[in-house]
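See structure below.
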Amino acid sequence: MGTFQGHLLAGVFFLVFSLYYAVMTSLALLRGQRLLRPPLPPREKRGHRWWQRVPVQGVMKVVIALGGIIPEFFYPPGVNRMKIIDWENPQRPFIFYNNWGHVTMYGFFMLSGVVDIVSQACQAWQNVKLERAAEALAFCVLVLLMAAHLENKGTLEIRVHVLFVVPTFLVSLVLIIEVWVPDQPTLWVLKSWLGLVLSCWMLQLSVLMYVPLSGQPWKAENPGDLTFLTIFFCWYLALGAALLAAIYGLCSLWHHRFSSWRETPGAKYQPCPRGYSNEELEKLGTEAMLQDGGV
């Protein structure tokens, strides 16, 4: 990831899922759903073909994570960075630690995708809490890796990555809260906004560090450059809110003009109980299957 292409790939990875969550949140709010994603019905009622049971979101996590891991080890062609220790050096130093840090980040997001697939395709009942916990773990690991990434870096690179850690930490905090307090619309919106902020900032980070628009590199010894970094980040906070508002507006147009979804009794948002019985989960899953235009 220590290249323009590497940071760009990570930024696109986060942006894809942030846009997905923003669309899903917007539609859930417009429909007055009590659940962001209604639980699936029992496995025997989901269809007999395997592709009807495999979750698209989980597969996307695995595929995109693999797309990030393979270049870390084998790009450019002919290199191999899978070694961790240089055994030929008497001091046995760690090597390629940046690449292994990036692989670890992608690996935990891949783990989250595998948990989604196992929970939704292999188990008799979907384990929503486990899925949320795996996703929260991936973001917590990302925060730890970003903190370690600041070691032996210049002032400019430290400032840029610290500003990235802030929304990432807040997203991980929201995800942890959702494990125990799920399906709160305020948290849906907060998570979508922070996701858009961190993904857009990651894209800006790649441009800032490798291909600055001015053609001149940013200078850490220039107080003005460091000040503008924080100003730019604040602009990205507003940009994330504007993107979320635009997505909500587009979803509202789609919902009111093209959606065939019809309101069902009891679909309006209500504070959710802390747990469901199998009968309640089956009922919610059946209602979800009857809804048209679901995400």
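For what it's worth, the UniProt record's numbering labels the leading residue of the sequence shown as 1, then goes sequentially. The beta carbon of each residue, even a glycine, is placed where N, CA and C say it ideally should be. None of these values were measured; they are calculated from a predicted model.
Only residues of its own chain outside the window of five on either side were considered, and among them 167, 236, 237 and 240 have a CB closer than 7 Å to the CB of residue 197, listed in chain order.
Counting C-beta pairs with one atom in each stretch, the stretch 5-15 and the stretch 186-203 have three or more that are closer than 8 Å, which means they touch. No Cβ-Cβ contact shorter than 9 Å links residue 62 with residue 24. Between residue 149 and residue 101 the beta-carbon gap is near 6 Å, inside 8 Å, which marks them as a contact.
Of the candidates 193, 185, 225 and 191, 185 places its Cα closest to the Cα of residue 28. In this chain, residue 75 is not harboured by any alpha helix (DSSP H), its DSSP state being neither H nor E. Using a C-beta cut-off of 8 Å, the stretch 144-158 makes no contact with the stretch 179-194, since fewer than three inter-stretch Cβ pairs fall below that distance.
Each residue's CA atom was taken as its position, placing residue 40 and residue 125 some 8 Å apart. Unbroken alpha helix (DSSP H) stretches of 4 residues or longer found wholly inside the stretch 181-224: 185-210, given in chain order. Residue state for residue 85 is assigned as strand, using DSSP reduced to three classes. In this structure, 66 is the residue among 66, 183 and 3 with its C-alpha nearest to the C-alpha of residue 104.
Residue state for residue 94 is assigned as strand, using DSSP reduced to three classes.
Here residue 193 is buried, its C-beta having at least 16 other C-beta atoms within 10 Å. Residue state for residue 39 is assigned as coil, using DSSP reduced to three classes.
A straight-line Cα-Cα distance of about 22 Å links residue 8 and residue 78. Between residue 218 and residue 208, the CB-CB gap stays under 9 Å. Excluding five sequence positions before and after residue 212, the CB atoms of its chain that fall closer than 7 Å to its own CB belong to 218, given in chain order. Taking all protein chains shown into account, residue 123 has fewer than 16 neighbouring C-beta atoms within 10 Å of its C-beta and is therefore exposed.
Spanning the alpha carbons of residue 54 and residue 112 requires a straight line of approximately 14 Å. Secondary structure of residue 167 (DSSP, three-state): helix. Residue 89 is positioned such that its CB atom lies no closer than 9 Å to that of residue 72. Distance from the CA atom of residue 165 to the CA atom of residue 183, rounded to whole angstroms, is 25 Å. Non-local C-beta neighbours of residue 233 in its own chain, meaning closer than 7 Å and more than five positions away in sequence, comprise 163 and 201, ordered along the chain. Shown here, residue 136 sits in a helix according to DSSP, grouped into three states. About 4 Å separates the CB atoms of residue 68 and residue 106; that is less than 8 Å, so the two are in contact.
The three-state secondary structure of residue 125, taken from DSSP, is coil.
In the DSSP assignment, residue 150 falls outside any alpha helix (DSSP H) and carries neither an H nor an E. Secondary structure at residue 257: helix, using DSSP grouped into helix, strand and coil.
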